[in-house]
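Trainee: Okay, handing you the structure first.
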Amino acid sequence: MRETHTPVLIVGGGGGGLTASMLLSHLGVPSLLISRHAGTSVLPKAHVLNQRTMEIFTELGVAPEILARSTPPENMKATGWYAGVGGPHDGYGRRLGGLEVWGGGYTDPDFIAASPCRTANLPQIRLEPLLKAHAESYSAATIRFHHELVDLAQDADGVTATVLDRDSGEQYTVRSQYVIGADGGRTVGELIGVGMSGPTNLMRMVSTHLSADLSAHLSDPDVLIRWLVNPDFGGSWASGVLVAMGPEHWGTESEEWVFHLQFDVDDPDADDPAKVLERIRAALGIPDFDPTLHHVSPWIMEGVLADAFRRGRVFLLGDAAHRHPPTGGLGLNSAVHDAYNLAWKLAAVLGGQAGEGLLDTYEAERRPVDGANVDAAVNAAMNHFSIDAALELSPDKTPEQNWDEVRPLWEDLPDSQRKRHALNCAIGSQTIEFRHHNVEFGYTYDSTAVVDDGSEPYVPLDPVRLYEPSTKPGHPLPHAWVERGGDRLPLGTLVEGGHFVLLAGEDGQAWVEAAGKLAAETGLALRAGRIGMLDAEHPDIDFVDVRCAWLKNRGISADGAVLVRPDRYIGFRSTGSVDDPLGALTAALAQILSTETA
1 MRETHTPVLI
11 VGGGGGGLTA
21 SMLLSHLGVP
31 SLLISRHAGT
41 SVLPKAHVLN
51 QRTMEIFTEL
61 GVAPEILARS
71 TPPENMKATG
81 WYAGVGGPHD
91 GYGRRLGGLE
101 VWGGGYTDPD
111 FIAASPCRTA
121 NLPQIRLEPL
131 LKAHAESYSA
141 ATIRFHHELV
151 DLAQDADGVT
161 ATVLDRDSGE
171 QYTVRSQYVI
181 GADGGRTVGE
191 LIGVGMSGPT
201 NLMRMVSTHL
211 SADLSAHLSD
221 PDVLIRWLVN
231 PDFGGSWASG
241 VLVAMGPEHW
251 GTESEEWVFH
261 LQFDVDDPDA
271 DDPAKVLERI
281 RAALGIPDFD
291 PTLHHVSPWI
301 MEGVLADAFR
311 RGRVFLLGDA
321 AHRHPPTGGL
331 GLNSAVHDAY
341 NLAWKLAAVL
351 GGQAGEGLLD
361 TYEAERRPVD
371 GANVDAAVNA
381 AMNHFSIDAA
391 LELSPDKTPE
401 QNWDEVRPLW
411 EDLPDSQRKR
421 HALNCAIGSQ
431 TIEFRHHNVE
441 FGYTYDSTAV
451 VDDGSEPYVP
461 LDPVRLYEPS
471 TKPGHPLPHA
481 WVERGGDRLP
491 LGTLVEGGHF
501 VLLAGEDGQA
511 WVEAAGKLAA
521 ETGLALRAGR
531 IGMLDAEHPD
541 IDFVDVRCAW
551 LKNRGISADG
561 AVLVRPDRYI
571 GFRSTGSVDD
581 PLGALTAALA
591 QILSTETA
């Protein structure tokens, strides 16, 4: 049996695995990716790409291709709730309410201030081919689709994987130092003895990918996701969710759609495409609806988390480590963020600049965040029933009774004001899904790779909805536009290529000199500079804080400094000067990198 050698074996060729491959290549680490599938996803699957994910894809150089095919911002500003789409009277298709989604097409000031990247929207069926082509463009990466993992065996020095070439029928072995399991939980977790815990069978869903021209029936081109609360069915999930999928036109002009429908857990109709299509016609209220069906996919909504993210030399990420309801679009994004956290740590250990203890921080940091993401997605999915409750709809009522419940929303009736406000409150509460900025962007880390500065514990104003920029260790680096040599750049881009970054105040030259000396002595990729404004007291500066955004959020004095990790997270902070900045930085990096000396 032939044997292949690679530093890192990646099992799984979805969004998480392909991102891991690109990140490792970007950091100069060779890898081999295998996928049991013959090609990339044939299903639209996840589609929302949040700001943190787009920052990562920008760093990798694939963002322009994604944005070129993504939903235009003007067509992904909102979500809406509608009384179905069509039907025999003028109540059908009425808009009951709406809400901005994920920054409102990059118009929300908080989202603009948080990142230079806007939220994008591109179904996995179109995203994954872009990621695969980009991953294959790196000479450090080998990508093999239709190659299936059969077995794994670990020892003190590495991992031996047995792989089946599904085209030739040949088996071969891969010897690696580390393995990343990004296979959706199909094989790797079981082989290393890691189970998953959490609620399953939350709902039985069927997702139908179809092509149809619905433009004559729909309004509101700024709406990305339509909740069809058809009173004939007495509720939102049962009535269906309609999501535009492009690819050439969007909004009401979209050529393709995904229709999500809830079925009873034991309903056999969920497995019958003809029965599903009957339900879709009824939910839409368009009896002659005759779409082209691409895929009808039954699935179970669940919210589960792996009991461990690491077992020896094997790491789990993406759906292999956590599976979410689709609400909030946290699944794929979490996978990308998992890979971003893990890749620089593997590169540092493989490059001899960090100890094995650094790899323990992957689980310590990502598992709590991913657990919170699972909880957030489950809560958001269940919270949709509060909208049904506000409307006072029920499958136990007749369609006529349910229509009587919603009519006060557009007719002036004695109960109109109460019902309109109740619905307003219920829809507003769904900002836990559509404005969960602190969940998707402002999450924090707590591990040995973060040096506690003794400041007060972070207590968020709202743990879900409101991201609050901070340089407290464990927080993401606040965004700021800075200028150098006439060029304007986002501050976060200084980490690109796996760099640590030391950012000092106007009087922090001692910190900058210490960082330079440390980088020269150790070979560590460490950039440093002072940020501020030129004035009489500071005749020179490294980066000009043109909008004073850094000054507003830096949390340090003019002679303090923060150390940013290669994943844009604050690893160390000194609010002011110290007697021995070289010693302080050396100790901080020794802790972060799990070495005795940096």
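Quick note on the UniProt record's numbering: the sequence shown kicks off at 1 and runs consecutively.
Each residue gets a CB set at the ideal place from its N, CA and C atoms; glycine is no exception.
Values in this document were obtained by computation on a predicted structure and should not be read as measured data.
(1) In chain order, what are the residue ranges of uninterrupted alpha helix (DSSP H) at least 4 long that sit wholly in the segment 294–355?
(2) In terms of alpha-carbon separation, which member of Gly189, Met76 and Arg144 lies closest to Thr119?
(3) Could you tell me how far apart the beta carbons of Arg166 and His147 are, in whole angstroms, since I believe they sit closer than 8 Å?
(4) In the DSSP output, which residue or residues are listed as bridge partners for Pro490?
(5) With a threshold of 8 Å, are at least 3 pairs of Cβ atoms found where one atom belongs to the segment 325–333 and the other to the segment 216–227?
(6) Tell me which residues share the same chain as Val562 and place their Cβ nearer than 6 Å to its Cβ, disregarding the 5 neighbours each side in the sequence.
(7) Assign Ala161 to one of three DSSP states: helix, strand, or coil.
(8) Among the residues of its own chain, which have a CB less than 6 Å from the CB of Gly198, if the five just before and after it don't count?
(9) For Ile56, which option in Met22, Gly39 and Ile34 has the closest C-alpha, if you only look at C-alpha atoms?
(10) For Trp410, which of helix, strand or coil comes out of DSSP?
(11) Which of the three DSSP states, helix, strand or coil, is assigned to residue 600?
(12) Measure the Cβ-Cβ separation of Leu122 and Ser70 and say whether it is below 7 Å.
(13) Can you give me the start and stop residues for the beta strand (DSSP E) that Phe259 sits inside?
(14) Taking the beta strand (DSSP E) that Val241 belongs to, which residues open and close that run?
(15) Answer yes or no: do Ala426 and Ser394 have a C-beta to C-beta separation smaller than 7 Å?
(16) For Thr53 versus Val336, is the C-beta spacing smaller than 7 Å?
(17) Do Ser115 and Leu358 have their C-beta atoms closer together than 7 Å?
(18) What are the partner residues of Tyr443, as DSSP defines its beta bridges?
(19) Since Val464 and Val439 are thought to touch, with beta carbons under 8 Å apart, how far apart are those beta carbons, to the nearest angstrom?
(20) Using 8 Å for Cβ pairs, my map puts Ala20 next to Ile34. What's the rounded Cβ distance?
(21) Where do the ends of the beta strand (DSSP E) carrying Phe145 lie?
(22) What first and last residue would you give for the beta strand (DSSP E) that runs through Arg186?
(23) Taking the alpha-carbon positions, what's the Asp151 to Arg36 distance?
(24) Look at the alpha carbon of Val29 and the alpha carbon of Gln51, and state the distance between them as a whole number of angstroms.
(25) Just tell me which of Gly474, Thr6, Met203 and Ser236 has its CA closest to the CA of Gly454.
(26) What three-state label does DSSP hand Pro221 in the structure shown?
(27) Looking at C-alpha atoms only, which residue of Pro88, Ile556, Gly184 and Phe315 is the closest neighbour of Glu400?
(28) By a C-beta neighbour count over all protein chains shown, 10 Å radius and 16 as the cutoff for buried, is Glu3 buried or exposed?
(29) Verify whether the separation of the beta carbon atoms of Glu74 and Gly105 is less than 7 Å.
(30) According to DSSP, is Val42 helix, strand or coil?
(31) Could you tell me the boundaries of the beta strand (DSSP E) in which Trp81 lies?
(32) Output the distance between the C-alpha atoms of Ala598 and Met301, rounded to the nearest integer angstrom.
(33) Helix, strand or coil for Asp580 per DSSP?
(34) For the beta strand (DSSP E) containing Ala528, list its first residue and its last residue.
(35) Tell me the DSSP secondary structure of Ile34 in three-state form.
(36) Whose CA, out of Ala140, Ala320, Ala244 and Gly195, lies closest to the CA of Ser207?
Mentor: So, from the data block:
(1) 330–350
(2) Met76
(3) 7 Å
(4) Trp481
(5) no
(6) Thr471, Leu503, Ile570 and Arg573
(7) strand
(8) Gly303, Val304 and Leu305
(9) Met22
(10) coil
(11) Nothing about residue 600 can be read from this structure; the chain reaches only from 1 to 598.
(12) yes
(13) Glu256 to Phe263
(14) Val241 to Gly246
(15) no
(16) yes
(17) no
(18) Tyr443 is not bridged to any residue.
(19) 5 Å
(20) Rounded, the Cβ-Cβ distance is 12 Å, inconsistent with contact.
(21) Ala141 to Phe145
(22) Taken as a continuous stretch (DSSP letters only), Arg186 belongs to no beta strand (DSSP E), as it is neither H nor E.
(23) 13 Å
(24) 26 Å
(25) Gly474
(26) coil
(27) Pro88
(28) exposed
(29) yes
(30) coil
(31) Ala78 to Tyr82
(32) For Ala598, the predicted structure reports a pLDDT of 42, less than 50, and the residue's modelled location is therefore unreliable. A value from the coordinates is still provided. Their Cα atoms are separated by approximately 46 Å.
(33) coil
(34) Leu526 to Gly532
(35) strand
(36) Ala244
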